[in-house]
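Below you'll find the structure, written out as structure tokens, and then a few comments.
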Amino acid sequence: MKSVTVSIDVPQTPAQVYDFLDVMAHHERFTDHYLTDWRYDGPGRGIGSRATVTAALGGVKSDVIIEVVEAEAPRRIVERNISAAGRRLAHGTYTIEPLSTGGSRISFTYAWTRAPLAERLLAPAVRATMRRANHTVMRRLAAELARHVSAASC
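Below is the structure:
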């Protein structure tokens, strides 16, 4: 299946964005509209940080294990996602680029390595659902970043 990428521009620096995204527990704050029941494991940040969540998307619920497998401050974080009893394997990659006008562009790419047959057959609908959900994630991420950075500067 083809990957899905969404992006948003924010006024925070790449270092501020990376510092926020590097903490696994922060992800709950901007994804809890479809990822619930967060259970954490491993370190709180960086490679090896993990969460098991319940994903409810497209009328289907399943547990997902999310683990940070690569991190390159302040540019990139790669998460491995395992779900559907191991039949779905994907990677979510956050890329953070500085903007010439200040701030950052945050891109998130969800790329399937393996997907259940039903998802492959319905790939256009699955990709559209993921794109919509992740557009919402980006808007919520921007709002959470603003709150987080504002609170940190007080």
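Read left to right, the sequence shown gives residues 1072 to 1225 (the working numbering).
Glycine included, every Cβ here is placed at the ideal spot set by N, Cα and C.
Asked: Can you name, in chain order, every residue of its own chain whose Cβ lies under 7 angstroms from the Cβ of W1109, other than the five neighbours on each side?; Found: E1099, A1122, V1124
Asked: Any idea what DSSP makes of H1219, helix, strand or coil?; Found: helix
Asked: Among residues of its own chain, excluding the 5 on either side of V1088, which ones have a beta-carbon nearer than 8 angstroms to its beta-carbon?; Found: V1081, P1145, I1167, S1175, I1177, L1216
Asked: Can you name, in chain order, every residue of its own chain whose Cβ lies under 6 angstroms from the Cβ of T1164, other than the five neighbours on each side?; Found: V1149, T1180
Asked: So, with DSSP's three-state summary, where would you put T1200?; Found: helix
Asked: Among K1073, G1117, I1136, which has the Cα closest to the Cα of S1154?; Found: I1136
Asked: Relative to the C-alpha of D1090, which residue among V1077, M1201, R1147, R1158 is closest?; Found: R1147
Asked: Among E1143, L1106, Q1083, which has the Cα closest to the Cα of A1126?; Found: L1106
Asked: Between F1101 and A1214, what straight-line distance do the alpha-carbon atoms span, to the nearest angstrom?; Found: 8 angstroms
Asked: Over the uninterrupted alpha helix (DSSP H) stretch that includes V1135, give me the two end residues.; Found: Premise fails: V1135 lies in the beta strand (DSSP E), 1131 to 1143, not in any alpha helix (DSSP H).
Asked: What's the C-alpha gap between M1201 and V1075?; Found: 7 angstroms
Asked: Are the beta-carbon atoms of L1128 and A1182 separated by less than 7 angstroms?; Found: no
Asked: Starting from T1123 and walking both ways along the beta strand (DSSP E), at which residues does that stretch end?; Found: 1121 to 1128
Asked: For Y1111, tell me which candidate among I1118, M1095, H1104 has the shortest Cα-Cα distance.; Found: M1095
Asked: Thinking C-alpha only, which one of M1072, V1077, T1084, I1079 is nearest V1064?; Found: The displayed coordinates of the chain run from 1072 to 1225. Any statement about residue 1064 would go beyond what the structure contains.
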